[in-house]
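*Asks:* Going line by line, the protein sequences match chains A and B. Following the UniProt record's numbering, the residues of the first sequence are numbered contiguously, the last one being 234. Following the UniProt record's numbering, the residues of the second sequence are numbered contiguously, the last one being 234.
Number of protein chains: 2
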Amino acid sequence: MRGNLFAVAVDLVVLTVRHDQLNVLLVRRGERPYESHWALPGGFVRADEDLGDTAARELVAQTGAATQGAVQGHLEQLGGYAAPDRDPRGRVLSMGYLALLPDVPDPEPTGGPTAAFLPVEDVYGLAFDHDTILADGVERARAKLEYTTLAAAFCPPEFTVTDLRRVYEAVWRTEIDPRNFQRKVTSTPGFLIPTATRVTGGRGRPPQLFRRGPATALHPPMLREPVALAHATT
Amino acid sequence: MRGNLFAVAVDLVVLTVRHDQLNVLLVRRGERPYESHWALPGGFVRADEDLGDTAARELVAQTGAATQGAVQGHLEQLGGYAAPDRDPRGRVLSMGYLALLPDVPDPEPTGGPTAAFLPVEDVYGLAFDHDTILADGVERARAKLEYTTLAAAFCPPEFTVTDLRRVYEAVWRTEIDPRNFQRKVTSTPGFLIPTATRVTGGRGRPPQLFRRGPATALHPPMLREPVALAHATT
DNA sequence: CCGCCTTCTCGTCGGCGTGAGGCTATCGGG
DNA sequence: CCCGATAGCCTCACGCCGACGAGAAGGCGG
């Protein structure tokens, strides 16, 4: 068999919404190269694993996501990154994976390296080409909110329409009219399933609680600003 | 550096529209495993290449696409495939790439193995997991026609609105009203640039010739049948 | 040469989804 | 007790799109 040999890793873009901000899970590297730089969590693919297996294993290991994450959350492949010089140790191909999680109580009880959720706006200068992978992951997440019901993956099992709207506003960095948003999501069949309970304790009228419905697609999609036509997409 | 080592290949899903049918470029394997089976064209990533370089090199090698393909065509990454048992020779990760080309005159003057465009409807039983990669590529192409101007990548440098509509109809396997389609594509800024010439010789009123415009996105998108909501996507 | 057919192109009409915004219900707090 | 804040319902106007009519402009057969 011809061809050079690669080490194959999986790097995770784990996104969540905290305090109305889109956050990403990062780990501080404890070894060279890029020692003490922030990096995306990840690891190498084992002998008997498929790529998705590795991604799921790393996700659980880094977040303890087995509890609620695996139920509500979402995990999908982003793309492959294999520039010849992306890793000084040799030829490494990294498969980026995108994970969307509800705001977990605290992601740091991992005994290993320092891990933290940081606002994506503040993140730059990651190790390797992880800035690129992160940018691709954020863009993928933004695009998918338009035509899927994936925003619910950022929410706990039960949530209000306002919770869901704040997810859109945080990811897109826009403001959405609460009344039109409510009409849109509640009138899409299978998006939201109302529960019998309401939330008390907040200000204002107590909102209805919903659960995720079986729908995965939004027809028609919910479009963000038609940012400008023509020219390169960036 | 931990982790097992992989051979890394690039496999191409090269799509074109011929005789109002979506076709895919296949090669007949001349060696084991899967000898004499049809497979996607592809090859291994070389030492100094990034993944896109390999894909572009293979595309030119297999189609001679340098002439018109590279100008009008389109090439993008599909995803990574690395199931542990996908290749009996050992651990191979394959990056799928999707290429959209105008109908090239004839793709067979390659001195190498037998190559042919075959209608995707008739294709099954490809080597390795290429059936899966092909299905993913076709689905990606179908989805992208909805919200991008990529359909023009299937057309020669100058084409009519009817040519473009036949691309949509072939890829989606639907029928589209010619009058509404014309209104949509001609009213989208930057999609089509009219030329001074018209086509003569055919039946009916001579149509206007257009060139691709700079627009890449369709806002709002052109939606195909809302195929059915809810449930898993595949 | 003259209908007739085909295809391209433009217009019309009605329904639906969405942005904008008014209004009521129902809470906490001063 | 009143007020501000939030949730939820409703109306209206506009634009896009599906359905479809009709004219424009060519080829073709009698």
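Glycine is no exception: its CB is placed at the ideal position from the N, C-alpha and C atoms. This structure is a prediction, so every number in the text was calculated from the model and none was measured.
What's the gap between the Cα of Arg179 (chain B) and the Cα of Glu225 (chain B)?
*Replies:* Residue 179 (chain B) sits at position 179 when you count from the first residue of the second sequence. Residue 225 (chain B) sits at position 225 when you count from the first residue of the second sequence. Those two C-alpha atoms are separated by around 18 Å.
*Asks:* I'd like to confirm the pairing. Which residues does DSSP put opposite Ala55 (chain A) in its beta bridges?
*Replies:* Position 55 of the first sequence, counted from the first residue, corresponds to residue 55 (chain A). Answer is none; Ala55 (chain A) lacks a bridge partner.
*Asks:* Determine whether the beta carbon atoms of Leu192 (chain A) and Phe210 (chain A) lie at a separation below 8 Å.
*Replies:* For the purposes of this step, residue 192 (chain A) is identified with residue 192 of the first sequence, where counting begins at 1. For the purposes of this step, residue 210 (chain A) is identified with residue 210 of the first sequence, where counting begins at 1. Yes.
*Asks:* Please classify Leu118 (chain A): does DSSP put it in a helix, a strand, or coil?
*Replies:* Position 118 of the first sequence holds residue 118 (chain A). Three-state DSSP puts Leu118 (chain A) in a strand.
*Asks:* Using the three-state DSSP reduction, which class does Leu145 (chain B) fall into: helix, strand or coil?
*Replies:* On the second sequence, position 145 is the one that residue 145 (chain B) refers to. Three-state result, Leu145 (chain B): helix.
*Asks:* Quick one: give me the first and last residue of the alpha helix (DSSP H) that Ser36 (chain A) is part of.
*Replies:* Taking the first sequence and counting its residues from 1, one reaches residue 36 (chain A) at position 36. From DSSP, Ser36 (chain A) is part of no alpha helix (DSSP H); its letter is neither H nor E.
*Asks:* Jot down the residue ranges of each uninterrupted beta strand (DSSP E) in the segment 193–220 of chain B, minimum 3 residues, whole runs only, in chain order.
*Replies:* Segments of the beta strand (DSSP E) lying fully in the segment 193–220 of chain B: 208–212.
*Asks:* Quickly, what does DSSP pair Val10 (chain B) with across the bridge? List them, please.
*Replies:* As a working mapping, residue 10 (chain B) is identified with position 10 in the second sequence. Answer by DSSP bridge pairing, in chain order: B:Gly43, B:Met95.
*Asks:* Within 10 angstroms of its Cβ, does Glu194 (chain B) collect 16 or more other Cβ (buried), or is it exposed?
*Replies:* Within the second sequence, numbered from 1, the residue matching residue 194 (chain B) stands at position 194. Contrary to the premise, residue 194 (chain B) reads as Pro rather than Glu in this sequence. Looking at its Cβ environment, which holds fewer than 16 other Cβ atoms inside 10 Å, Pro194 (chain B) is exposed.
*Asks:* Please determine, among A:Leu150, A:Arg18, A:Val8, A:Pro113, the residue with the shortest C-alpha to C-alpha distance to Glu121 (chain A).
*Replies:* On the first sequence, residue 121 (chain A) is found 121 positions in, with the first residue counted as 1. The shortest C-alpha separation from Glu121 (chain A) is found at A:Arg18.
*Asks:* Spatial neighbours of Thr160 (chain B) within its chain, please: C-beta separation below 8 Å, excluding the five flanking residues on both sides.
*Replies:* Looking up residue 160 (chain B) in the second sequence gives position 160. If we look at Thr160 (chain B) and ignore the five residues flanking it on each side, its Cβ neighbours are Val199, Pro207, Gln208, Leu209, Phe210.
*Asks:* Closer than 8 Å is the cut-off here; do at least three beta carbon pairs connect the segment 126–137 of chain B with the segment 150–168 of chain B?
*Replies:* Verdict: no, contact absent.
*Asks:* Closest by CA to Pro102 (chain B), which one among B:Val92, B:Phe117, B:Gly42?
*Replies:* As a working mapping, residue 102 (chain B) is identified with position 102 in the second sequence. Nearest C-alpha to Pro102 (chain B): B:Phe117.
*Asks:* Give me, in chain order, the residues of the same chain whose beta-carbon lies closer than 6 Å to that of Leu5 (chain B); leave out the 5 immediate sequence neighbours on both sides.
*Replies:* Here residue 5 (chain B) corresponds to residue number 5 of the second sequence, with the count starting at 1. If we look at Leu5 (chain B) and ignore the five residues flanking it on each side, it has no Cβ neighbours.
*Asks:* Using a Cβ-Cβ distance cut-off of 8 Å, determine whether residue 237 (chain A) contacts chain B.
*Replies:* Within the shown structure, residues of chain A are numbered from 1 to 234, placing residue 237 (chain A) beyond reach of any answer.
*Asks:* Please list the residues of the segment 75–93 of chain B that have a C-beta atom closer than 7 Å to any C-beta atom in chain A, keeping them in chain order.
*Replies:* Correct list: Gln77, Gly79, Gly80, Ala82, Ala83, Pro84, Arg89, Gly90, Leu93.
*Asks:* Please list, in chain order, the chain B residues whose beta carbon lies closer than 9 Å to that of Phe210 (chain A).
*Replies:* Here residue 210 (chain A) is taken as the residue at index 210 of the first sequence, counted from 1. The contacting residues do not exist; Phe210 (chain A) stays about 16 Å from chain B at best.
*Asks:* Suppose contacts are defined by Cβ-Cβ distances below 8 Å. Is Val24 (chain A) in contact with Val13 (chain A) by that definition?
*Replies:* As a working mapping, residue 24 (chain A) is identified with position 24 in the first sequence. As a working mapping, residue 13 (chain A) is identified with position 13 in the first sequence. Yes, the Cβ-Cβ distance between Val24 (chain A) and Val13 (chain A) is below 8 Å.
*Asks:* Mind checking residue 235 (chain B): buried by the 16 CB within 10 Å criterion, or exposed?
*Replies:* Outside the shown range of chain B (1 to 234) lies residue 235 (chain B), about which nothing can therefore be said.
*Asks:* Spell out whether any CB of chain B is found under 8 Å from the CB atom of Val45 (chain A).
*Replies:* On the first sequence, position 45 is the one that residue 45 (chain A) refers to. So, interface residue.
*Asks:* If contacts are defined as beta-carbon pairs under 8 Å, then Gly80 (chain A) and Gly80 (chain B) qualify, I think. What distance do you get, rounded to the angstrom?
*Replies:* Translated into positions along the first sequence, residue 80 (chain A) becomes position 80. Translated into positions along the second sequence, residue 80 (chain B) becomes position 80. Between Gly80 (chain B) and Gly80 (chain A) the Cβ distance is about 5 Å, and since that is below 8 Å, they are a contact.
*Asks:* If we define contact as Cβ-Cβ less than 8 Å, is Asn4 (chain B) a contact residue for chain A?
*Replies:* For this step, residue 4 (chain B) is matched to residue 4 along the second sequence. It does; some Cβ of chain A falls within 8 Å.
*Asks:* Helix, strand or coil, according to DSSP, for Glu49 (chain A) in the structure here?
*Replies:* Along the first sequence, read from residue 1 onward, the residue named residue 49 (chain A) stands at position 49. Reduced to three states, the DSSP call for Glu49 (chain A) is coil.
*Asks:* Figure out for me which residue from B:Arg173, B:Ala56, B:Phe181 has the closest Cα to the Cα of Leu98 (chain B).
*Replies:* Here the question's residue 98 (chain B) lines up with position 98 in the second sequence. Selected option, being the one with the closest Cα: B:Ala56.
*Asks:* Just grab the DSSP bridge partners of Glu158 (chain A) for me.
*Replies:* Residue mapping note: residue 158 (chain A) aligns to position 158 of the first sequence, counting from 1. Note: Glu158 (chain A) sits in a beta bridge opposite A:Arg211.
*Asks:* What did DSSP end up calling Glu76 (chain A) once you bin it into helix, strand or coil?
*Replies:* Position 76 of the first sequence, counted from the start, is the residue given in the question as residue 76 (chain A). Looking at Glu76 (chain A) - three-state DSSP - the assignment turns out to be strand.
*Asks:* Which of helix, strand or coil does DSSP assign to Gly69 (chain A)?
*Replies:* Along the first sequence, read from residue 1 onward, the residue named residue 69 (chain A) stands at position 69. Legend: pLDDT at Gly69 (chain A) = 47, less than 50; position of this residue unreliable, no value from coordinates given.
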